[in-house]
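All residue numbers for the sequence shown refer to the UniProt record's numbering, where the first residue is 1 and numbers rise by one. Down below is the structure, laid out as structure tokens.
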Amino acid sequence: MTVANSVTELIGNTPVVRLNHLTDENDAELYAKLEYFNPGSSVKDRIALAMIEAAEKEGKLKPNDTIIEPTSGNTGIGLALVAAVKGYKAILVMPETMSIERRKLFKAYGAEVILTPGAQAIKGSIEKAQETC
1 MTVANSVTEL IGNTPVVRLN HLTDENDAEL YAKLEYFNPG SSVKDRIALA MIEAAEKEGK
61 LKPNDTIIEP TSGNTGIGLA LVAAVKGYKA ILVMPETMSI ERRKLFKAYG AEVILTPGAQ
121 AIKGSIEKAQ ETC
């Protein structure tokens, strides 16, 4: 059994499964990459980790910095997760129409959630995130 030193080591190391019963013997082989095995249950964990590590490498993100992101979904979950593991504060700005469960998940990862009017959709969240910077 492999033991990871950090949850970020698990991001992207998702299994691949051959889908044996969906093709005939003369067809191409079909495989599925099970991205829901990422720690945040989404392929968006990959982009969140890549964005944060790129910002660190470029010197744009330093210890104790805050990540502010408008989001309506899984990218926000990934950012909250990676920010928590790496010690950053995350502020996620989202329309109030997003589910209570999603808000609770963001908060469970330690992110601050700012809600914007639902009628403004993600555009309102983008504007609020820019103001928050």
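For each residue, glycine too, the CB sits at the ideal point set by N, CA and C.
Closest Cα partner of residue i within the set the options
i, options, result
"Asn-38", "Leu-81, Gly-124, Ile-122, Ser-125", "Leu-81"
"Asn-64", "Lys-57, Ala-54, Ala-84, Met-94", "Ala-84"
"Pro-117", "Leu-10, Gly-59, Met-94, Glu-131", "Met-94"
"Thr-97", "Ile-52, Ala-108, Ala-119", "Ala-119"
"Leu-79", "Glu-131, Gly-59, Ala-108", "Ala-108"
Range covered by the alpha helix (DSSP H) that runs through residue i
i, result
"Ile-77", "74 to 86"
"Leu-49", "44 to 57"
"Ala-108", "100 to 108"
Contact check, residue i vs residue j, beta carbons under 7 Å
i, j, result
"Glu-29", "Thr-14", "no"
"Leu-92", "Phe-106", "yes"
"Ala-129", "Ile-68", "yes"
"Ile-77", "Gly-40", "yes"
"Ser-99", "Asn-74", "no"
"Thr-66", "Lys-86", "no"
"Val-113", "Arg-102", "no"
"Ile-126", "Pro-70", "yes"
Continuous beta strand (DSSP E) stretch holding residue i: start and end
i, result
"Ala-119", "Element bounds for Ala-119: n/a, residue is neither H nor E."
"Leu-92", "89 to 95"
"Ile-67", "66 to 70"
"Tyr-31", "31 to 33"
"Val-3", "No beta strand (DSSP E) holds Val-3; DSSP gives it neither H nor E."
Task: Stretch pair the segment 44 to 54 + the segment 17 to 30: three plus CB contacts closer than 8 Å - done: no
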